[in-house]
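Trainee:
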Amino acid sequence: MKNILIITLEHPPEIGGIASYVDQFAAALPEQNNVTVYAPYHPGDANWDRTVSYTIIRKKPYFPIGIWPRWLRMYFQVRKIVKERKIDIIFLHHILPVGYVAWLMKKTKKIPYVIFSHGTDILAATKTKWKKRMAKMVCTQSESIVFNSESLKHRLVKELPEFEQKSLVLYPCPDDALYHPPAQDFLDSLKSQYALEGKKVMLSIGRFEDGKGFPHIIRILPKLLEKIPNLVWLVIGDGKKQEKLVTQVQKNSLQNIVRFLGKVPHNEVVPFYYIADIFTLLTHPDEGKEEGLGLVFLEAAAAGLPVVA
Numbered sequence: 014m015k016n017i018l019i020i021t022l023e024h025p026p027e028i029g030g031i032a033s034y035v036d037q038f039a040a041a042l043p044e045q046n047n048v049t050v051y052a053p054y055h056p057g058d059a060n061w062d063r064t065v066s067y068t069i070i071r072k073k074p075y076f077p078i079g080i081w082p083r084w085l086r087m088y089f090q091v092r093k094i095v096k097e098r099k100i101d102i103i104f105l106h107h108i109l110p111v112g113y114v115a116w117l118m119k120k121t122k123k124i125p126y127v128i129f130s131h132g133t134d135i136l137a138a139t140k141t142k143w144k145k146r147m148a149k150m151v152c153t154q155s156e157s158i159v160f161n162s163e164s165l166k167h168r169l170v171k172e173l174p175e176f177e178q179k180s181l182v183l184y185p186c187p188d189d190a191l192y193h194p195p196a197q198d199f200l201d202s203l204k205s206q207y208a209l210e211g212k213k214v215m216l217s218i219g220r221f222e223d224g225k226g227f228p229h230i231i232r233i234l235p236k237l238l239e240k241i242p243n244l245v246w247l248v249i250g251d252g253k254k255q256e257k258l259v260t261q262v263q264k265n266s267l268q269n270i271v272r273f274l275g276k277v278p279h280n281e282v283v284p285f286y287y288i289a290d291i292f293t294l295l296t297h298p299d300e301g302k303e304e305g306l307g308l309v310f311l312e313a314a315a316a317g318l319p320v321v322a
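Rendered as structure tokens:
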């Protein structure tokens, strides 16, 4: 088997759909000794990295502000990995800026690369004429471009129609653990821990950022409570919008209804799908961001949970 290098800017223990996708993709590849993942440092990464069968190399991908281009540090790091690990092909996640690195590796070392696109990277890469030009350059030299949905593929082809022939769709697959309910005793104890006995539980999982729709759910909660007085909303995640969301909850006097659970490691999320009655995440275009294909929707469905999106 070829020696594979996967380059990503999001990887567990960071929580998010892209991070989960990259991990599950890497773990599914045969001959794990031939798989290397390049990823940034993240709190708790040492413990996580010991649990996987493929190799993870953690680095700081960017030069400090003031040195340009900042991504050039990533190129030097990747070049060293390619040489030491005898890499045959690169799978990169995020068209830009990771694409610059892969493009240079192909130009200087003849290493082919495949692009995996997840949604927000397309919007970012086509936002300005300069970035669109750079994205076109990166896509031109790629072997193929892989998307997680037909709609996402259509989004790029609309901007760069010349790449339709080398574009394909590979749907993400939820973790096998989601198909196996945890023990009922454990689920009962979890319900007790969060005082959910006799409650209708609505679950949302995601980073608190533009386009996820958390503010919209908070706004409609009072109306939902008129219909479902015993409703409780469990929210797993964190992010830069958390303070605003908490303030919005307080202004609407919903503190007893909304339970912010913070970051929950991906391998500990499964039970929450099984104690919920419904999953919802009202994703939408917002300030230049839009969901490509939320993996959490597939995870909820795999656990048999109804989904409202």
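If you read the sequence shown in my numbering, its first letter stands for residue 14, the second for the next number, and so on.
Idealized CB from N, CA, C, for every residue including glycine.
1) In the DSSP output, what is Met-215 paired with across the bridge?
2) From Pro-74 to Pro-110, what distance separates their C-alpha atoms?
3) Consult DSSP for Arg-133 and reduce its assignment to one of helix, strand or coil.
4) Can you give me the C-alpha to C-alpha distance between Ala-322 and Ile-230, rounded to a whole angstrom?
5) Quick check: what's the CA-CA separation for Ile-31 versus Glu-97?
6) Met-26 to Phe-129, Cα distance in whole Å?
7) In chain order, what residues of the same chain lie with their CB nearer than 8 Å to the CB of Lys-99, ignoring the 5 residues before and after it?
8) So the candidates are Phe-285, Ala-289 and Leu-308; which of them puts its Cα closest to the Cα of Thr-296?
9) Based on Cα-Cα distance, which residue from Trp-81, Gln-37 and Phe-292 lies nearest to Tyr-67?
10) What is the rounded straight-line gap between the Cα of Thr-139 and the Cα of Arg-146?
11) Does Ala-40 come out as helix, strand or coil in the three-state DSSP assignment?
12) Express the C-alpha separation of Phe-227 and Leu-200 in angstroms, rounding to a whole number.
13) State yes or no: is the C-beta of Val-159 within less than 8 Å of the C-beta of Leu-183?
14) DSSP on Thr-49, reduced to helix/strand/coil?
15) Since Lys-72 sits in a beta bridge, which residues does DSSP pair it with?
16) For Pro-56, which option in Ala-314, Leu-274, Ala-115 and Ile-28 has the closest C-alpha, if you only look at C-alpha atoms?
17) Would DSSP call Arg-92 helix, strand or coil?
18) Quick one: give me the first and last residue of the alpha helix (DSSP H) that Ser-202 is part of.
19) With contact counted as at least three CB pairs below 8 Å, one residue from each stretch, are the segment 174-191 and the segment 240-259 in contact?
Mentor: Reading from the atomic positions:
1) Trp-246 and Ile-291
2) 10 Å
3) At residue 133 the sequence reads Thr, which differs from the Arg that was named. Helix.
4) 11 Å
5) 27 Å
6) In the sequence on display, residue 26 carries Pro and not Met. Each residue's Cα considered, the two are about 20 Å apart.
7) Asn-16
8) Leu-308
9) Gln-37
10) 8 Å
11) helix
12) 26 Å
13) yes
14) strand
15) Pro-53
16) Ile-28
17) helix
18) 197-206
19) no
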